[in-house]
Amino acid sequence: MRLNELKLGRSAVIDHVEDHAAGDPVAERLRALGFVPGEPIRIVAVGPIGADPIAVGIGFTRFALRRAEAARVLLRDAA
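If you're matching positions, the sequence shown starts at 1 in full-length UniProt numbering and goes up one per residue.
See below:
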């Protein structure tokens, strides 16, 4: 499952961030912000128009991501 498919209030664990090309700056930035394998993540809010952007929580930190950026984050079920 991809992060942009996770429903509001649901939790999962990050599996990996997908690179679209070698040295992908968006993927590198997401990893630098803490989108790393094994981190629990949840959707805390969605935008009013088309549910874009989405607000996600990793630990005590909140991030707003466009759905296109969130689609790069692949998830697995929270254990």
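Built from N, CA and C at the ideal position, the CB exists for glycine as well.
Please state whether DSSP places VAL46 in a helix, a strand or coil. What you label residue 46 is simply residue 46 of the sequence shown in a count that begins at 1. In this structure, VAL46 counts as strand in the three-state DSSP scheme.
Considering just the uninterrupted stretch of the beta strand (DSSP E) at LEU65, what are its terminal residues? Here residue 65 is taken as the residue at index 65 of the sequence shown, counted from 1. Per DSSP, LEU65 belongs to the beta strand (DSSP E) from 61–65.
Using a 10 Å radius around the Cβ and a threshold of 16 neighbouring Cβ atoms, would you call PHE35 buried or exposed? Locating residue 35 in the sequence shown gives position 35, where the first residue counts as 1. Looking at its Cβ environment, which holds 16 or more other Cβ atoms inside 10 Å, PHE35 is buried.
Looking at the unbroken beta strand (DSSP E) that takes in LEU74, where does it start and where does it end? The count along the sequence shown starts at 1 and reaches residue 74 at position 74. 73–77 is the span of the beta strand (DSSP E), which, as asked, contains LEU74.
Nearest to ARG62 (by Cα), restricted to the options LEU74, ILE41, ILE49: Along the sequence shown, one-based indexing puts residue 62 at 62. For ARG62, the nearest C-alpha among the options comes from ILE41.
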